[in-house]
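**Student:** Questions regarding the structure given below will be posed in turn.
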Amino acid sequence: MTSASLRGILVAVNRAKFAPDEAVILNWDFAERRATDPRARIVSSGEEIQIDRYNFMEPAEAQTLEKEGKLEGHRAPVFYFPPASPWSAADQFLAFRIQSPEQFALGFPVGLLVMNLVLAILSVVLFRRGLRRAPGPAPTV
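Position one of the sequence shown corresponds to residue 42 (the numbering used here), numbered consecutively onward.
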């Protein structure tokens, strides 16, 4: 949930800098054991970029295209955040610079941020209570 919240915050902060574009899918591996993330090329800039498989396209749609042999090379409409920003470095960890039109239209999920804050505060409170109740070190002989 933390990464989803951070991704949402980065999109919200930079929302005005996103532009409509198209992305061409270069690779998309459905194998769970593979560590490779899907990659796409932005049509307007030619930049090759990692995509978040859940923010880019519905997984069912991607699997259908894969079965038809049409996934690699498929052009999809996206909202694209150009790399000329200090925020773009965070894309290496959160893959937020490409959003599907549907995902981008959702806007910032405020409820997700509130839920994360509540969970963080509750974690700190429970951790501190646990430390107070923890027995001290055993006596040495």
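By construction, the Cβ of each residue, glycine as well, lies at the ideal position given by its N, Cα and C atoms.
To the nearest angstrom, how far is it from the Cα of Val41 to the Cα of Gln133?
**Tutor:** The displayed coordinates of the chain run from 42 to 182. Any statement about residue 41 would go beyond what the structure contains.
**Student:** Have a look at the DSSP bridge pairing and note the partners of Phe120.
**Tutor:** Pro61 and Gln140
**Student:** Quick one, which of Phe97, Pro124 and Ala161 has its alpha-carbon nearest Glu88's?
**Tutor:** Pro124
**Student:** Please name the residue or residues paired with Ile66 in a DSSP beta bridge.
**Tutor:** Ala81
**Student:** Excluding the five sequence neighbours on either side, which residues of its own chain have a C-beta within less than 6 Å of the C-beta of Ser126, listed in chain order?
**Tutor:** none
**Student:** Taking Cβ positions, are Ser85 and Asp70 nearer each other than 8 Å?
**Tutor:** no
**Student:** Using DSSP bridges, identify the partner residues of Ile90.
**Tutor:** Ala81
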